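Trainee: For the sequence shown, our numbering begins at 369 and goes up steadily by one.
Beta carbons: idealized from backbone N, C-alpha and C, even for Gly.
Please read all numbers here as calculations on a predicted model, not as lab measurements.
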Amino acid sequence: MRIIAGEWRGRRVAAPDGDTTRPTADRTRETLFSMLVSRIGSFEGLSVADLFAGSGALGLEALSRGAAQALFVEQDAAAVRTLRANIAAFDAQAKCDVRAASVMGLGPAKSQPDIVFMDPPYGTGAGPVALDKLNRLGWIASSTWVSIETAKGEDVAVKGFTIEATRDSGKARLHLLRPAAD
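1. Alpha carbons only, please: which of 432, 509, 489, 506 is nearest the one belonging to residue 541?
2. For the alpha helix (DSSP H) that contains residue 516, what are its first and last residues?
3. My output table needs one value for residue 479: the three-state DSSP class, helix, strand or coil.
4. My understanding is that residue 530 touches residue 480, with C-beta atoms under 8 Å, so please give their C-beta distance in whole angstroms.
5. Look up residue 417 in the DSSP assignment and give the residues it is bridged to.
6. Less than 7 Å between C-beta atoms, sequence neighbours within five positions excluded: which residues of the same chain meet that for residue 410?
7. Between residue 496 and residue 525, how many whole angstroms is the CB-CB distance? I'm expecting something under 8 Å.
8. Please work out which residues of its chain come closer than 7 Å, Cβ to Cβ, to residue 452, disregarding the five sequence neighbours upstream and downstream, and give them in chain order.
9. Within this structure, are the beta carbons of residue 517 and residue 487 separated by less than 7 Å?
10. Which value, in whole angstroms, describes the spacing of the CA atoms of residue 469 and residue 443?
11. Under 8 Å Cβ to Cβ from residue 413, same chain only, skipping five residues before and after it: list those, please.
12. Less than 7 Å separating the beta-carbons of residue 415 and residue 374?
13. Name the DSSP bridge partner or partners of residue 530?
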């Protein structure tokens, strides 16, 4: 895997060993960031949350493109070790908050990220369940963009959210959501 664009373009991102973690393919990540850039413009100064982070490729891609800070949440110990190593390799520790925990274990938010990336295990329905909980805990602002990656063919529905776009990319389906207007 490589960073697609920005300051770290072309640099490698290590993936955890084994099959516990399924990194987002470069082409799928490129599709996702294209979808976001066409809607938000620049990542400059934004805060992002990379949930079910694995290697951290989504959050690192956002930082490479100018995001100011990234929260990474991952519970698999091997993935957390790889994530921390990737952050160190990019010398990005000052911009990163790594939490070795379950996304479902997060408490109330202290602030809301501009973009939330969610790449849960396929076929589990964990993304919509986690988003619903995080919304109730104050993690989602009215301006927050949420990306949920699922397997191709999986649909996403979360009360209080509108699906702005859906794209298939390889084996993945990307869903961009926004809080529904009241």
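Mentor: Looking at the atomic coordinates:
1. Against the sequence shown, residue 541 aligns to sequence position 173. Nearest C-alpha to residue 541: 489.
2. Here residue 516 refers to the residue found at position 148 of the sequence shown. No alpha helix (DSSP H) contains residue 516, which is instead part of the beta strand (DSSP E) from 513 to 519.
3. Translated into the one-based positions of the sequence shown, residue 479 becomes position 111. Here residue 479 sits in coil by DSSP.
4. In the sequence shown, residue 530 corresponds to position 162, counting from 1. In the sequence shown, residue 480 corresponds to position 112, counting from 1. With 8 Å as the limit, residue 530 and residue 480 do not qualify as a contact, their Cβ atoms being about 17 Å apart.
5. By one-based count along the sequence shown, residue 417 stands at place 49. Paired residues: 439, 484.
6. On the sequence shown, position 42 is the one that residue 410 refers to. So the list reads 434, once near-sequence residues are dropped.
7. Residue 496 sits at position 128 when you count from the first residue of the sequence shown. Residue 525 sits at position 157 when you count from the first residue of the sequence shown. Going by Cβ atoms, the distance from residue 496 to residue 525 rounds to 7 Å, so yes, they are a contact pair.
8. Position 84 of the sequence shown, counted from the first residue, corresponds to residue 452. For residue 452, where only same-chain residues beyond five positions count, the Cβ hits under 7 Å are 466.
9. By 1-based counting over the sequence shown, the position of residue 517 is 149. By 1-based counting over the sequence shown, the position of residue 487 is 119. The answer is yes: Cβ separation under 7 Å.
10. The sequence position of residue 469 within the sequence shown is 101, counting from 1. The sequence position of residue 443 within the sequence shown is 75, counting from 1. Straight-line Cα distance between these residues: approximately 4 Å.
11. The residue labelled residue 413 in the question sits at position 45 within the sequence shown. Excluding the 5 residues flanking it on each side, residue 413 has same chain C-beta neighbours closer than 8 Å at 434, 435, 436, in chain order.
12. Your numbering for residue 415 matches position 47 in the sequence shown. Your numbering for residue 374 matches position 6 in the sequence shown. Cβ atoms of residue 415 and residue 374: not closer than 7 Å.
13. By one-based count along the sequence shown, residue 530 stands at place 162. Residue 530 pairs with 546.
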